[in-house]
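Enquirer:
Numbering (full-length UniProt numbering), first residue to last: 1 to 115.
(1) So which of 12, 10, 18 has the shortest CA-CA distance to residue 67?
(2) Give me the Cα-Cα distance between residue 33 and residue 71, rounded to the nearest whole angstrom.
(3) Considering only C-alpha positions, which residue in the set 15, 102, 35 is nearest to residue 29?
(4) For residue 5, count neighbouring C-beta atoms within 10 Å of its own C-beta (all shown protein chains included) and say buried if the count is 16 or more, exposed if not.
(5) Closer than 7 Å by C-beta to residue 44: which residues in its own chain qualify, once you throw out the five before and the five after it? Chain order, please.
(6) Using CA coordinates, which residue listed in 39, 110, 21, 41 is at the minimum distance from residue 84?
(7) Give a single yes or no on whether residue 112 has its beta carbon closer than 7 Å to a heavy atom of the ligand FAD.
(8) Compute the beta-carbon to beta-carbon distance between residue 98 and residue 107, rounded to the nearest angstrom, for a pair I have assumed lies under 8 Å.
(9) Relative to the C-alpha of residue 8, which candidate in 23, 39, 100, 21 has its C-alpha closest?
(10) If we count the other Cβ atoms within 10 Å of its Cβ and call it buried at 16 or more, is residue 41 buried or exposed?
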């Protein structure tokens, strides 16, 4: 994996220190090279691979989500992962496609017989 990826647009809201959500993992932006085309973004740790199939990520080809927190913080919250972290959410339908061994509408039930 790599701790850098390329973007082909000027980052208007992405800046060093920003927290992003990509392939079910949170990353912190360490630096952005604005002098190159495409722009190179460096994050705090290596990409572990695409959540869907585990293949390497050399460029961010899917949506990146910039996570913002109100200041001051308005209260406590519990982070809930899409599909319980055990499946992929279809962006078209909003329905979870559960990984092998998991079922239910949000992939929260495990069936040991499937292993």
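Idealized CB from N, CA, C, for every residue including glycine.
Expert: Quick answer:
(1) 18
(2) 27 Å
(3) 15
(4) buried
(5) 27, 28, 30
(6) 110
(7) In the structure on display, the ligand FAD does not appear, and there are no ligands present to speak of.
(8) 4 Å
(9) 39
(10) buried
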